[in-house]
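Below is one structure, written out as structure tokens; comments come after it.
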Amino acid sequence: MTEAPLGLLAELTHRCPLHCPYCSNPIELVQRADELDTATWQRVFDEGRELGVLQVHLSGGEPLARPDLPQLLAHASGLGCYTNLVTSGLGLTAERLADLVERGLDHVQLSVQDSDPGNANLIAGVKGYDRKLAAAALIKDAELPLTVNAVLHKANLDNIGGIIELAERMGADRLELANTQYYGWALRNRAALLPTREQLAAAGPVVQQAKQRLDGRMEIVYVVADYHEANPKPCMYGWGARQLTVAPNGDVLPCPAASVITTLPVQNVRRSSLAEIWYDSETFNAYRGTEWMREPCRSCPRKEIDFGGCRCQAFQLTGDAAATDPVCTLSPDHGLVQDILGAEIIPVRPELAMRRSV
Amino acid sequence: MTSLDSVPRVRRGVRCTYDKTRDSDVVLFPEGVLLLNETAAAVVSRCDGAASIGDIALALADEFEGVQPDDVIEVVDRLVARRVVDVD
Ligand SMILES: C[S@@+](CC[C@H](N)C(=O)[O-])C[C@H]1O[C@@H](n2cnc3c(N)ncnc32)[C@H](O)[C@@H]1O
Ligand code: SF4
Ligand code: SF4
């Protein structure tokens with residue numbers, strides 16, 4: 026039986042003052058004119074809560090770029106949902122934060138590009154480093170729990186120790202060190218972003234030591250670089266199992282990357298209710314559970330652990346979203362990943378293509 | 005190690021509430037959601053940074069029949085593992 030979703034990722038806008046070349050947002054960004062208005066987002070939250078959603082992640086793009094963020098947050102919080110602001114920190118002021126706290130903000134996730142200010146600003150495409158430090162200080166002053174998120178790739182992986190120290194200085198309760206997942210802009214920039222084996226091998230022990238040193242003070246979550254692994258990363262908790270994503274234009278997706286799977290019909294909150302989409306749509310039912318699987322996943326003991334890997338990645342690399350994730354060494358298409366690593370991890374790398382503005 | 009003298013406290017950023025969709029007490033925290041049975045909900049509501057596990061067990065013994073101190077330790081350990089509760 027299909028269970029109710031617990032989380033809703035609300036991508037309020039694709040607008041953003043930063044230009045991270047690792048950004049997982051799609052290449053075709055939603056234009057401002059196509060964004061859902063305040064009342065529609067509030068209806069989406071109503072429908073989400075009715076359906077069972079208990080956690081609302083306000084993300085984007087940059088959620089602070091929506092002037093109605095306070096009203097949206099207040100609405101989600103008023104429904105009894107836990108609210109998490111996922112932000113670059115640019116645009117956060119003491120006044121805005123105090124207002125959001127007043128309206129029920131529960132948690133902030135702040136992203137950083139690097140511990141080296143110059144490199145961080147280069148990656149972000151704007152001078153944002155000092156503003157992120159200021160944002161972290163505001164969040165701590167407001168006594169909110171803080172998760173710092175750093176996306177890792179070739180250009181910052183060597184500074185992983187420094188990034189951990191930066192998160193400590195910011196007073197983070199949690200630190201997510203997430204190797205880049207190759208969707209959207211990150212996929213376009215893959216040949217520039219892929220880290221070398223040596224970089225990853227050096228980072229591992231640094232993370233392990235920091236985990237021990239900081240045990241009980243700052244939790245460190247390390248997301249491995251899946252192209253270099255033998256097993257794929259799990260598809261969340263399974264396709265259409267726990268969370269749904271609503272894009273700025275109201276498209277509803279099982280995960281933030283799923284718009285790449287062009288073989289599935291597009292669901293939108295302007296045409297259907299969240300409940301219809303969650304329970305009845307072809308898109309959400311396509312890869313639920315394990316029945317859809319073929320070999321080698323079908324008879325694999327890991328199928329309830331990783332759900333055959335990522336459907337979006339399977340589609341991107343093979344053109345078939347029902348294929349085993351080619352990252353898996355058991356996949357008949359695993360050679361594709363080996364070829365990519367061989368062809369793209371070379372001494373001279375392409376330039377980073379910065380994310381466009383909307 | 006948690007013992008009867010340990011003093012558990014709900015972590016910052018954790019919120020307890022009742023979910024009518026699932027007809028269950030739940031704790032909400034940055035990493036996710038945990039559904040609680042009645043005993044666990046009663047334990048969480050008493051993790052105030054003042055009461056020890058022993059105190060909590062005593063209080064619960066009045067309310068729920070058959071709840072042993074070891075049950076409370078076990079619940080607290082599970083909550084610690086999920087980063088819902090801290091123990092001094
Ligand atoms: C797309 S961003 C939107 C919110 C905000 N602009 C920010 O960057 O924090 C949401 C989260 O995804 C992370 N992220 C972005 N691109 C990613 C990628 N390719 N792989 C993994 N995480 C990524 C960001 O660091 C951020 O924590
Ligand atoms: S990852 Fe960077 S470019 Fe993408 S939305 Fe966040 S801050 Fe903006
Ligand atoms: S065969 Fe499928 S289920 Fe088994 S490890 Fe590979 S991707 Fe996971």
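Line by line, the protein sequences are chains A and B. Quick note, the first sequence lines up with residues 26 to 383 if you use the working numbering. Quick note, the second sequence lines up with residues 5 to 92 if you use the working numbering. Each residue gets a CB set at the ideal place from its N, CA and C atoms; glycine is no exception. For clarity, every value in this text was computed on a predicted model and none was experimentally measured.
Alpha carbons only, please: which of the options is nearest the one belonging to residue i?
{"i": "A:A266", "options": "A:R242, A:C45, A:E254, A:N310", "result": "A:N310"}
{"i": "A:P30", "options": "A:V78, A:V231, A:P88", "result": "A:V78"}
{"i": "A:A129", "options": "A:V176, A:R91, A:V81", "result": "The residue you asked about is not Ala; residue 129 of chain A is Gly in the sequence shown. Of A:V176, A:R91, A:V81, the residue nearest in Cα terms is A:V81."}
{"i": "A:N184", "options": "A:L202, A:D139, A:K152", "result": "A:D139"}
{"i": "A:T270", "options": "A:D358, A:P259, A:S284", "result": "A:S284"}
{"i": "A:V176", "options": "A:A161, A:R194, A:L135, A:D166", "result": "A:L135"}
{"i": "A:R133", "options": "A:G344, A:F340, A:E201", "result": "Just to set this straight, residue 133 of chain A is Val in the shown sequence, not Arg. Of the candidates A:G344, A:F340, A:E201, the one whose C-alpha sits nearest the C-alpha of A:V133 is A:E201."}
{"i": "A:R380", "options": "A:F340, A:L239, A:G209", "result": "A:G209"}
{"i": "A:D166", "options": "A:P88, A:E190, A:E120", "result": "A:E120"}
{"i": "A:C48", "options": "A:S297, A:T354, A:E87, A:T27", "result": "A:E87"}
{"i": "A:P257", "options": "A:V111, A:A300, A:W317, A:R327", "result": "A:R327"}
{"i": "A:D198", "options": "A:N174, A:N50, A:G153, A:T287", "result": "A:N174"}
{"i": "A:P372", "options": "A:K179, A:G263, A:S297", "result": "A:K179"}
{"i": "A:V294", "options": "A:W66, A:A58, A:T308, A:N146", "result": "A:W66"}
{"i": "A:R194", "options": "A:N144, A:P142, A:L158, A:R68", "result": "A:L158"}
{"i": "A:A272", "options": "A:P42, A:V69, A:L182", "result": "A:V69"}
{"i": "B:R86", "options": "B:P34, B:D27, B:L8, B:S28", "result": "B:P34"}
{"i": "A:A226", "options": "A:I245, A:L163, A:L182, A:G85", "result": "A:L182"}
{"i": "A:T308", "options": "A:R336, A:D331, A:Y262", "result": "A:R336"}
{"i": "A:P170", "options": "B:S10, B:N41, B:Q72, B:L32", "result": "B:L32"}
{"i": "A:I189", "options": "A:M243, A:N144, A:T112", "result": "A:M243"}
{"i": "A:Y304", "options": "A:P51, A:D240, A:L76", "result": "A:L76"}
{"i": "A:D62", "options": "A:A35, A:I52, A:P46", "result": "A:A35"}
{"i": "A:L346", "options": "A:G334, A:T354, A:S306", "result": "According to the sequence shown, residue 346 of chain A is Ala rather than Leu. If we check each option's Cα against that of A:A346, A:G334 comes out closest."}
{"i": "B:D75", "options": "B:G53, B:D90, B:A46", "result": "B:A46"}
So residue i packs on residue j, CB below 8 angstroms; how close in whole Å?
{"i": "A:P352", "j": "A:E254", "result": "The question names Pro, yet the displayed sequence has Val at residue 352 of chain A. That pair is a contact at about 6 angstroms."}
{"i": "A:A149", "j": "A:H39", "result": "Rounded, the Cβ-Cβ distance is 16 angstroms, inconsistent with contact."}
{"i": "B:I60", "j": "B:T6", "result": "Not a contact, Cβ separation roughly 11 angstroms."}
{"i": "A:Q338", "j": "A:D350", "result": "5 angstroms"}
{"i": "B:R50", "j": "B:A65", "result": "Not a contact, Cβ separation roughly 12 angstroms."}
{"i": "A:A90", "j": "A:G114", "result": "Incorrect: roughly 12 angstroms between the Cβ atoms, too far for contact."}
{"i": "A:A300", "j": "A:E72", "result": "7 angstroms"}
{"i": "A:R238", "j": "A:A378", "result": "A:R238 to A:A378, Cβ: 37 angstroms. No contact."}
{"i": "B:V79", "j": "B:T43", "result": "7 angstroms"}
{"i": "A:N204", "j": "A:V248", "result": "6 angstroms"}
{"i": "A:A217", "j": "A:P375", "result": "5 angstroms"}
{"i": "B:V88", "j": "B:V37", "result": "The pair is not a contact, with the Cβ atoms about 10 angstroms apart (cut-off 8 angstroms)."}
{"i": "A:C260", "j": "A:F340", "result": "About 12 angstroms; that fails the 8 angstroms criterion."}
So is the beta-carbon of residue i under 7 angstroms away from any non-hydrogen atom of ligand 2?
{"i": "A:L43", "result": "yes"}
{"i": "A:E201", "result": "no"}
{"i": "A:E53", "result": "no"}
{"i": "A:S229", "result": "Inspection of the sequence shows that residue 229 of chain A is occupied by Gly rather than by Ser. It does not: the Cβ of A:G229 is nowhere closer than 7 angstroms to a heavy atom of ligand 2."}
{"i": "A:S284", "result": "no"}
{"i": "A:G77", "result": "no"}
{"i": "A:G116", "result": "no"}
{"i": "A:G85", "result": "yes"}
{"i": "A:R380", "result": "yes"}
Identify the contact partners of residue i in chain E, using a Cβ-Cβ distance below 8 angstroms as the criterion.
{"i": "A:T172", "result": "The question asks about chain E, but that chain is absent: this structure's protein chains are A and B."}
Can we count residue i as close to ligand 1, meaning its CB is less than 7 angstroms from some heavy atom?
{"i": "A:T112", "result": "yes"}
{"i": "A:C106", "result": "no"}
{"i": "A:C48", "result": "yes"}
{"i": "A:N146", "result": "no"}
{"i": "A:N181", "result": "no"}
{"i": "A:V176", "result": "yes"}
{"i": "A:Q134", "result": "yes"}
{"i": "A:Y252", "result": "no"}
{"i": "A:Y247", "result": "no"}
{"i": "A:Q206", "result": "yes"}
{"i": "A:A235", "result": "no"}
{"i": "A:A211", "result": "yes"}
Please list, following the chain, all residues that have a C-beta closer than 6 angstroms to any non-hydrogen atom of ligand 3.
Output, sorted by chain position: A:N256, A:P257, A:P321, A:C322, A:C325, A:R327, A:K328, A:D331, A:G333, A:G334, A:T349, A:D350, A:C353, A:L355.
Contact between the stretch 125–134 of chain A and the stretch 92–103 of chain A: three or more CB pairs below 8 angstroms?
Contact annotation: the stretch 125–134 of chain A touches the stretch 92–103 of chain A, with at least three C-beta pairs closer than 8 angstroms.
With three or more C-beta pairs closer than 8 angstroms as the rule, is the stretch 311–318 of chain A touching the stretch 104–113 of chain A?
Touching, no, given that fewer than three Cβ pairs across the two stretches are closer than 8 angstroms.
Flag this pair as touching only if the stretch 354–362 of chain A and the stretch 228–243 of chain A have three or more C-beta atom pairs under 8 angstroms; answer yes or no.
As far as the Cβ criterion goes, the stretch 354–362 of chain A does not touch the stretch 228–243 of chain A, which means the pair count is below three.
Taking 8 angstroms as the threshold, find out whether the stretch 13–20 of chain B comes into contact with the stretch 65–81 of chain B through three or more Cβ pairs.
The stretch 13–20 of chain B vs the stretch 65–81 of chain B: no contact.
Are three or more beta carbon pairs between the stretch 236–252 of chain A and the stretch 275–290 of chain A nearer than 8 angstroms?
No: fewer than three Cβ pairs fall under 8 angstroms.
Touch check for the stretch 285–294 of chain A and the stretch 363–376 of chain A: three-plus C-beta pairs under 8 angstroms?
No, because fewer than three Cβ pairs between the stretch 285–294 of chain A and the stretch 363–376 of chain A fall closer than 8 angstroms, the two stretches do not touch.
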